[in-house]
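Participant: This is the structure, below, for whatever I ask next.
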Amino acid sequence: MSQNILELKNINKSFGAAKVLKDVSFELQPAEVHALVGGNGAGKSTLMKIMTGVYTKDSGEIIINGEHKEIHNTNDAKANGIAMIFQEMSLVPTLSIMENIFLGNELKKGAFRDVAAMKKRTREVLEELGLDLNPDTRVSELSVGLTQMVEIAKAVSKDVQILIFDEPSAALSDQETARLFEIIRQLKDKGVSMVYISHRMNEILEICDRVSILRDGQNVITEETANLTMEKIVAYMLGDANSGHQFEWIPRDYDKKGSDVLEVKNLKINEKLDDISFSLKKGEILGFAGLMGSGRTEIMETLFGIRRPEKGEILVGGQKVHSKSPAEAVKNGFGLVPENRRREGLVLIHSVRENAILPVSTRYTKNKIFNDDRRINQVVTDNIQDLGVKTSDMNQEIGLLSGGNQQKIVIAKWLNSDPRILMFDEPTAGVDIGAKGEIIKIIRKYADEGGSVLFASSEIAEMLAICDRIITLFDGKITGEFRREDISTEEELQNAIQRK
Amino acid sequence: MQSKESKKKIQLSKYMVYIVFVIVFIFFAIILNKKGFVNPTNLLNILRQTAMVSIMAVAGVFVLGAGQIDLTVGSNAAMSAMIASLILQETGSIILAIIACLAFGIGIGCINGLLVTRLRLPAFLATLGMMQAVRGLAMWITNTAAVPISNNTFNQIFGTGFIGPISVLILWTIVFYILGYIVFNKTTFGKHSLATGGNETAARYSGIRVDRIKMYVFMLSGALSAFAGILYAGRMQSGRYSFGDGDEMSVIAAVVLGGASMAGGTGSMIGALVGSILMGMISNALILAGLTSAQQKIVNGLIIIAAVALSNLAQRRKKN
Ligand SMILES: Nc1ncnc2c1ncn2[C@@H]1O[C@H](COP(=O)(O)OP(=O)(O)OP(=O)(O)O)[C@@H](O)[C@H]1O
Ligand SMILES: [Mg+2]
Numbered sequence: 015m016s017q018n019i020l021e022l023k024n025i026n027k028s029f030g031a032a033k034v035l036k037d038v039s040f041e042l043q044p045a046e047v048h049a050l051v052g053g054n055g056a057g058k059s060t061l062m063k064i065m066t067g068v069y070t071k072d073s074g075e076i077i078i079n080g081e082h083k084e085i086h087n088t089n090d091a092k093a094n095g096i097a098m099i100f101q102e103m104s105l106v107p108t109l110s111i112m113e114n115i116f117l118g119n120e121l122k123k124g125a126f127r128d129v130a131a132m133k134k135r136t137r138e139v140l141e142e143l144g145l146d147l148n149p150d151t152r153v154s155e156l157s158v159g160l161t162q163m164v165e166i167a168k169a170v171s172k173d174v175q176i177l178i179f180d181e182p183s184a185a186l187s188d189q190e191t192a193r194l195f196e197i198i199r200q201l202k203d204k205g206v207s208m209v210y211i212s213h214r215m216n217e218i219l220e221i222c223d224r225v226s227i228l229r230d231g232q233n234v235i236t237e238e239t240a241n242l243t244m245e246k247i248v249a250y251m252l253g254d255a256n257s258g259h260q261f262e263w264i265p266r267d268y269d270k271k272g273s274d275v276l277e278v279k280n281l282k283i284n285e286k287l288d289d290i291s292f293s294l295k296k297g298e299i300l301g302f303a304g305l306m307g308s309g310r311t312e313i314m315e316t317l318f319g320i321r322r323p324e325k326g327e328i329l330v331g332g333q334k335v336h337s338k339s340p341a342e343a344v345k346n347g348f349g350l351v352p353e354n355r356r357r358e359g360l361v362l363i364h365s366v367r368e369n370a371i372l373p374v375s376t377r378y379t380k381n382k383i384f385n386d387d388r389r390i391n392q393v394v395t396d397n398i399q400d401l402g403v404k405t406s407d408m409n410q411e412i413g414l415l416s417g418g419n420q421q422k423i424v425i426a427k428w429l430n431s432d433p434r435i436l437m438f439d440e441p442t443a444g445v446d447i448g449a450k451g452e453i454i455k456i457i458r459k460y461a462d463e464g465g466s467v468l469f470a471s472s473e474i475a476e477m478l479a480i481c482d483r484i485i486t487l488f489d490g491k492i493t494g495e496f497r498r499e500d501i502s503t504e505e506e507l508q509n510a511i512q513r514k
Numbered sequence: 111m112q113s114k115e116s117k118k119k120i121q122l123s124k125y126m127v128y129i130v131f132v133i134v135f136i137f138f139a140i141i142l143n144k145k146g147f148v149n150p151t152n153l154l155n156i157l158r159q160t161a162m163v164s165i166m167a168v169a170g171v172f173v174l175g176a177g178q179i180d181l182t183v184g185s186n187a188a189m190s191a192m193i194a195s196l197i198l199q200e201t202g203s204i205i206l207a208i209i210a211c212l213a214f215g216i217g218i219g220c221i222n223g224l225l226v227t228r229l230r231l232p233a234f235l236a237t238l239g240m241m242q243a244v245r246g247l248a249m250w251i252t253n254t255a256a257v258p259i260s261n262n263t264f265n266q267i268f269g270t271g272f273i274g275p276i277s278v279l280i281l282w283t284i285v286f287y288i289l290g291y292i293v294f295n296k297t298t299f300g301k302h303s304l305a306t307g308g309n310e311t312a313a314r315y316s317g318i319r320v321d322r323i324k325m326y327v328f329m330l331s332g333a334l335s336a337f338a339g340i341l342y343a344g345r346m347q348s349g350r351y352s353f354g355d356g357d358e359m360s361v362i363a364a365v366v367l368g369g370a371s372m373a374g375g376t377g378s379m380i381g382a383l384v385g386s387i388l389m390g391m392i393s394n395a396l397i398l399a400g401l402t403s404a405q406q407k408i409v410n411g412l413i414i415i416a417a418v419a420l421s422n423l424a425q426r427r428k429k430n
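Taken in sequence, the protein lines are chains U and F. The numbering used here puts the first sequence at residues 15 to 514. The numbering used here puts the second sequence at residues 111 to 430.
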């Protein structure tokens, strides 16, 4: 066996009395892609943040290239050639792509920034990654997926030995993920070692050489990918063997002849997104399948009053509605689990409880004035139970929860609101496989009880597991419509969304 | 399941203002013992003198919590005192005076709110401009002359009166803090203000009318600063354009001392009260200690910095 480039030995870490990592050991070989998997809150991000100096370990050893090292801060990590692409994006939205890439180590000519050189280098890096972007574009103007790619560009622009990806594909389209994998293979050829954290098993099986599985802060196994299957990984993660069938399609029943709850007619949102028409029945789950940028998010945002349509009609229960703000959309019966939980979904500095009841707080009042704390506590306790949210208690600051657990609260808050039409935009981004199954069940139950659902996800398997009907979008146009029973394989749908 | 230890840390940051308060109090009590700092009369005096800032800080908790800032409070109070004194002089009607003051204050709040929500001005600049304009108005209306108030009932109710040993100003403070506490902690308006300040986009996506919330907090701030103006008028038995000079800073300092963040999304009503009293206590002690007003200003400024730095430190400890 070749010498390890990095060894973590018996790492412990607690936040307060919550022991998040218990004697975790982890080894990374030169030029290997090492998967780190585990349920939400298992401690994956925390372990990696210890490697990169964001957190400091309570005890344990870090050995890099055979030498004991202490990593106290991110600069120590940088000095050792370790870089991380964070789950919570770490770019400054008001700065340009170039400024972000060179933030903290700007190229200089004498006392001044050498803009020309930085721009040139930025172009090179972007080109290497196959990104057609202007270095001067502000990051705030980029889509989530592109922001993620810029984050990767930032990391690889430096001289790295060890690169850590924390759920890089959560916001990427399949195309972008494929490109990411190319980049990973390139880096591997150059001798870079990588840690790859993801909740998507097929990606892990495809790209990773070895897999380490964390459960409740302990490393349960490290194994060659070749010796593992998806079922085995899931079983190790969840600690039981009977958990294979998360993504099975269960045909559902609803009134296919009933009247439409939602009707969208010839909606024009902008130049690209035009002539969108579809309808949705009571109790139906309608999926929007498409590549990133195909317009799924925009359609949902328009229904939710965030964007104004230029033309067209939206009818809810036969009545025309014009939602000029999310507040009006909520009144008109809509709910939206948005794509970007940190920006649009949560007030990070507030508690789990406040976040979970935000859209419905006016509903839980006494005499229409005072908050009814008893009922609110009950609702939130149920949410935590039902969705299996891992949190010390409901008053925990939500920003301190692991990514997947934050996402569960975003879903909980809209389930609490119980709208007629609930829209999900990438609801399982960053959610572990056990919870994904739970979320699928919850959405089904919601529809079974008479709710109507619009659902968009980049994970084809998930779409097929949950939707009754699927509309494909390409570049802002509707290109097809399928009943679920007419689609027999993932490839069929995969091909359908690539076609004009 | 949360650890006792981590709970304690969080508590510490929350109660920092109280700890600072106690330390500062004991410190002054010892060194100013001979000058009568702990004298009950002096202590009540402190409460009486801080009443106006305290009451404006009630609204300040909402304003900062919603991620806004209101610099007009001091000049609003001055203009309101002018309106009260002029109306009392002309008509003698207390009711009319109060209604006019509150209407004026709410009107200014409304303008502030519209500037922020419609024209999308940053609150700091919008209210900075309005602050100057309103102060100018207060000077212009009588050409800087003070207007005496001879209506004794008014003066008694809103300034000079006592019930037992307790000044009416203290009673007004108590009333406003009880109301403020209830609205802030027990109603959705309080929570929605904090959500707006904590993450405006997420609040909007949750169906909250964030623009309306901002309008309301500015109007509330306008109303309470106008009421503070009435109290200035009652206490000084006159209207003067210079009332409330610098109060906007005292209010912000008090609210931040009380645990609010300038970035929005946090705040505490009781904290703001303690913060206001802390500031009043410091000014009082400096006067007793015989410092000149120039020296007072210097020390006051430094103490604000020290106190805010302390509570920030406690907050940062919590994060790690
Ligand atoms: N700064 C912090 N303060 C307190 N608790 C924390 C902090 N950071 C993480 N935790 C807790 O530590 C646990 C592990 O979190 P971590 O982010 O490492 O999980 P994860 O394995 O990355 O999960 P996910 O797949 O959901 O991203 C969680 O229960 C989380 O709430
Ligand atoms: Mg994580």
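Just so you know, even glycine gets a beta-carbon here, dropped at the ideal spot from N, CA and C. Keep in mind it's a predicted model, so treat the numbers as computed, not measured.
Below 7 angstroms, is the gap between the Cβ of residue 359/U and the nearest heavy atom of ligand 1?
Facilitator: no
Participant: Answer yes or no: does any C-beta atom of chain U fall closer than 8 angstroms to that of residue 333/F?
Facilitator: No, no contact with chain U.
Participant: Using 8 angstroms as the limit for Cβ to Cβ distance, is residue 296/F near chain U?
Facilitator: yes
Participant: Are the beta-carbon atoms of residue 49/U and residue 443/U separated by less than 8 angstroms?
Facilitator: At least 8 angstroms separates the beta-carbon of residue 49/U from that of residue 443/U.
Participant: How big is the Cα-Cα spacing for residue 260/F and residue 149/F?
Facilitator: Using only the alpha carbons, I get a separation of about 32 angstroms.
Participant: Looking only at DSSP bridge pairs, what is residue 210/U linked to?
Facilitator: 49/U and 179/U
Participant: Can you name the residues that DSSP bridges to residue 82/U?
Facilitator: 77/U
Participant: What separation, rounded to the nearest whole angstrom, lies between the Cα atoms of residue 430/F and residue 29/U?
Facilitator: With a pLDDT of only 42 at residue 430/F, under 50, the local geometry of the prediction cannot be trusted, and the value read off the model is given with reservation. Note on geometry: alpha-carbon atoms of residue 430/F and residue 29/U lie some 8 angstroms from one another.
Participant: At a cut-off of 7 angstroms, is residue 87/U close to ligand 1 when judged by its beta-carbon and the heavy atoms of the ligand?
Facilitator: no
Participant: Interface residues of chain F around residue 385/U at Cβ under 9 angstroms?
Facilitator: 295, 296, 297, 298, 300 and 301
Participant: If we call anything under 8 angstroms between Cβ atoms a contact, is residue 238/U one with residue 224/U?
Facilitator: yes
Participant: From the beta carbon of residue 264/F, is the nearest beta carbon of chain U less than 8 angstroms away?
Facilitator: no
Participant: Under 7 angstroms from any heavy atom of ligand 2, does the C-beta of residue 352/F make it?
Facilitator: For ligand 2, not one heavy atom lies less than 7 angstroms from the Cβ of residue 352/F.
Participant: Can at least three beta-carbon pairs, one atom from the stretch 332 to 343 of chain U and one from the stretch 287 to 301 of chain U, be found at a separation below 8 angstroms?
Facilitator: no
Participant: Over the uninterrupted beta strand (DSSP E) stretch that includes residue 41/U, give me the two end residues.
Facilitator: 32 to 42
Participant: If we ignore side chains and look at the alpha-carbon of each, how far apart do residue 282/U and residue 276/U end up?
Facilitator: 16 angstroms
Participant: DSSP three-state label for residue 340/U, please.
Facilitator: helix
Participant: In angstroms with no decimal places, state the Cα-to-Cα distance between residue 353/U and residue 153/F.
Facilitator: 55 angstroms
Participant: Can you tell me where the beta strand (DSSP E) with residue 237/U in it begins and where it stops?
Facilitator: 232 to 238
Participant: Given a threshold of 16 other Cβ atoms within 10 Å of its Cβ, counted over all protein chains shown, does residue 179/U qualify as buried or as exposed?
Facilitator: buried
Participant: 8 angstroms is my cut-off, CB to CB: does residue 357/U come that close to chain F?
Facilitator: yes
Participant: Whose C-beta lies closer than 6 angstroms to the C-beta of residue 353/F among residues of the same chain, with five residues either side of it excluded?
Facilitator: 187, 188, 191 and 342
Participant: Considering only the alpha carbon of each residue, which of 339/F, 181/F, 389/F and 144/F lies closest to residue 242/F?
Facilitator: Checking every option, the nearest Cα to that of residue 242/F belongs to 181/F.
Participant: Between residue 472/U and the rest of its own chain, which residues show a CB-CB distance below 8 angstroms, the 5 nearest in sequence each way excluded?
Facilitator: 186, 187, 188, 306 and 440
Participant: Should residue 180/U be counted as a contact of ligand 2 given a C-beta to heavy atom distance under 7 angstroms?
Facilitator: yes
Participant: Is the shortest distance between the beta-carbon of residue 376/U and the beta-carbons of chain F less than 8 angstroms?
Facilitator: yes
Participant: Examine chain U for any beta-carbon lying closer than 8 angstroms to the beta-carbon of residue 326/F, and answer yes or no.
Facilitator: So no, residue 326/F is outside the interface.
Participant: Cα separation between residue 285/F and residue 291/F?
Facilitator: 10 angstroms
Participant: In terms of residue numbering, what span does the beta strand (DSSP E) encompassing residue 466/U cover?
Facilitator: 466 to 470
Participant: Starting from the C-beta of residue 68/U, find all residues in its chain whose C-beta is less than 7 angstroms away, skip the five residues before and the five after it, and write them out in chain order.
Facilitator: 88
Participant: Which residues in chain U have a C-beta closer than 9 angstroms to the C-beta of residue 288/F? List them in chain order.
Facilitator: The contacting residues do not exist; residue 288/F stays about 14 angstroms from chain U at best.
Participant: Residues of chain F with CB under 8 angstroms from residue 360/U, in chain order?
Facilitator: 309 and 312
Participant: Any C-beta of chain U sitting closer than 8 angstroms to the C-beta of residue 315/F?
Facilitator: yes
Participant: Which of the three DSSP states is assigned to residue 483/U in this structure?
Facilitator: In this structure, residue 483/U counts as strand in the three-state DSSP scheme.
Participant: Can you tell me whether residue 294/F is helix, strand or coil according to DSSP?
Facilitator: helix
Participant: So, using beta-carbon positions, are residue 340/F and residue 208/F closer together than 8 angstroms?
Facilitator: yes
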